[in-house]
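Take a look at the structure below.
In our numbering, the protein residues as written are 26 to 489.
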């Protein structure tokens, strides 16, 4: 047979008609979930239970946990949202198919079991139950009503009670699913975001649920096993929430039903984990990619000569000091360079000459600087020009050749300010006070927080 058919009992869904033509009915088909044994104990346990739950829900001969043919598919009509839920959202009603499965949720007696029970009854009563004595005796009137025997009445009552109890069990199971789903909407569980992009944007800074889930799946195979009641999903959400909103540990503890000390430990561990896996994502693009990502307003003003937008980011530490970082961003807003942290009193000129940024520039490149960026000399810049929209006495801070160029820079001022301020606007943790204790000779905790925030910004939509 051409195409795919749903393997659920009595379900007529199929992907093609008898002539082999694809049906445009909008029905999709999903394979049985895999048991992911090599992605950590938690993922392995949840995916094992889920695969078993699908097998139990379908109740089809030849479908077992260990043997499921690739052709066995479940159609979208058996899910509330018309598709299976994310595998770790065990409280979601669509974690397992539950609609129109061709049977009640309650366990029913099989026919062989009923026959074995009936065989223990006397022959007369057995005949009443299996219908063998339903034929009227010779000479009996057809309209004569025969009163049921006590055994027959008892059997009928038992069947009726089974039916009533089965319906009640089905109702309670559906109510349980609904309550668990509602509970997941009010707790910071794996299903808290649902399909709400606004929630994802508010709590994590990432633009939508699709981006968040892609990011989570990228990290999941590398996440180490932790001795915590939190799931990997919750650990990542907790960390992004704190970076995004700078929430106190006590506040987050109430949301996740854990202690403040557990919040701090999870946050510190996850910052280290994210730093290890994301730091390599801050890379300087090749010239072809740089030109391809060039915003039109910058291209119309300077052509393809703009290589980078630079600005300094200052973050307060718990030692009543600040640390200064030099950020380099593509004209489209992606962070492509980040220096190590310098004392807040260090000049911008000293940092830009000693950070390694100049090694990425070519002769003739134009460097756009944010408002107030302190760089008043251009010698030693490998013939690159620095232009800033910071206006003083009617001329540009640097390289103001004429009034027309000043107007061009002023026109780009809004775009440049949006780019250089995007990180601190999106992640409020950088506007507060961050511990600066040394965690290794490689980087301080503050360095790691800044790098993680910059890497997260690159997963958001580029600045227009």
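No residue lacks a Cβ here, since even glycine has one placed at the ideal position from N, Cα and C.
Would you identify the three-state DSSP class for residue 476, choosing helix, strand or coil?
helix
Confirm, please, whether the CB-CB distance from residue 60 to residue 122 is below 8 angstroms.
no
Do residue 271 and residue 446 have their C-beta atoms closer together than 8 angstroms?
no
Does DSSP classify residue 322 as helix, strand or coil?
helix
Just verifying my parser: in three-state terms, what is the DSSP assignment at residue 394?
strand
When the Cα atoms are used, what is the spatial distance from residue 501 to residue 114?
In the structure as shown, the chain begins at 26 and stops at 489. Residue 501 is therefore absent and cannot be evaluated.
Tell me, which residues are paired with residue 39 by DSSP?
30
Would a C-beta distance cut-off of 8 angstroms place residue 58 and residue 72 closer than the cut-off?
yes
Quick check: what's the CA-CA separation for residue 52 versus residue 66?
34 angstroms
With distances taken Cα to Cα, identify the nearest neighbour of residue 353 among 234, 192 and 480.
480
Please report the distance separating the alpha-carbon of residue 110 from that of residue 101.
11 angstroms
Quick check on the burial criterion: 16 or more other C-beta atoms within 10 angstroms. Buried or exposed for residue 46?
exposed
Please state the DSSP three-state secondary structure of residue 334.
strand
Give the range of the beta strand (DSSP E) segment to which residue 352 is assigned.
347 to 354
What residues in its chain sit with their C-beta under 6 angstroms from that of residue 319, if we drop five residues either side in the sequence?
356
Cβ-based neighbour list, residue 125, same chain, cut-off 8 angstroms, excluding 5 preceding and 5 following:
33, 36, 102 and 103
Can you tell me which of 329, 213 and 27 puts its alpha carbon nearest to the alpha carbon of residue 312?
329
Straight-line CA distance for residue 21 to residue 235?
Outside the shown range of the chain, which is 26 to 489, sits residue 21, and nothing can be said about it.
Out of curiosity, what's the CA-to-CA distance linking residue 261 and residue 394?
34 angstroms
Suppose the cutoff is 7 angstroms on Cβ atoms and the five residues either side in sequence are ignored; what does the same chain contact list for residue 484 look like?
231, 236 and 240
Flag this pair as touching only if the region 251 to 266 and the region 294 to 307 have three or more C-beta atom pairs under 8 angstroms; answer yes or no.
yes
Let me know the beta strand (DSSP E) ranges lying completely inside the region 76 to 137, each 3 residues or longer, listed in chain order.
98 to 100
Alpha carbon to alpha carbon, how far is residue 213 from residue 280? Give it in angstroms, no decimals.
6 angstroms
Could you tell me the distance, in whole angstroms, from the CA atom of residue 473 to the CA atom of residue 62?
31 angstroms
First and last residue of the uninterrupted beta strand (DSSP E) at residue 363:
360 to 363
Residue span of the alpha helix (DSSP H) that contains residue 281, given as start and end
274 to 281
For residue 308, which of helix, strand or coil comes out of DSSP?
coil
Please state if the CB of residue 339 and the CB of residue 369 are separated by a distance shorter than 8 angstroms.
yes
Closest by C-alpha distance to residue 247, when choosing among 229, 217 and 300
300
Less than 8 angstroms between the beta carbons of residue 454 and residue 268, yes or no?
yes
Determine, using beta carbons only, whether residue 29 and residue 98 come nearer to each other than 8 angstroms.
yes
From what residue to what residue does the beta strand (DSSP E) around residue 55 run?
54 to 56
Restricting to Cα atoms, I'd like to know which of 477, 82, 346 and 48 is closest to residue 303.
477
Cutting at 7 angstroms between CB atoms, please list the residues of its own chain near residue 64, excluding the five before and the five after it.
245 and 246
Tell me residue 459's beta-bridge partners as DSSP assigns them.
342
CB of residue 341 within 8 angstroms of CB of residue 392, strictly
no
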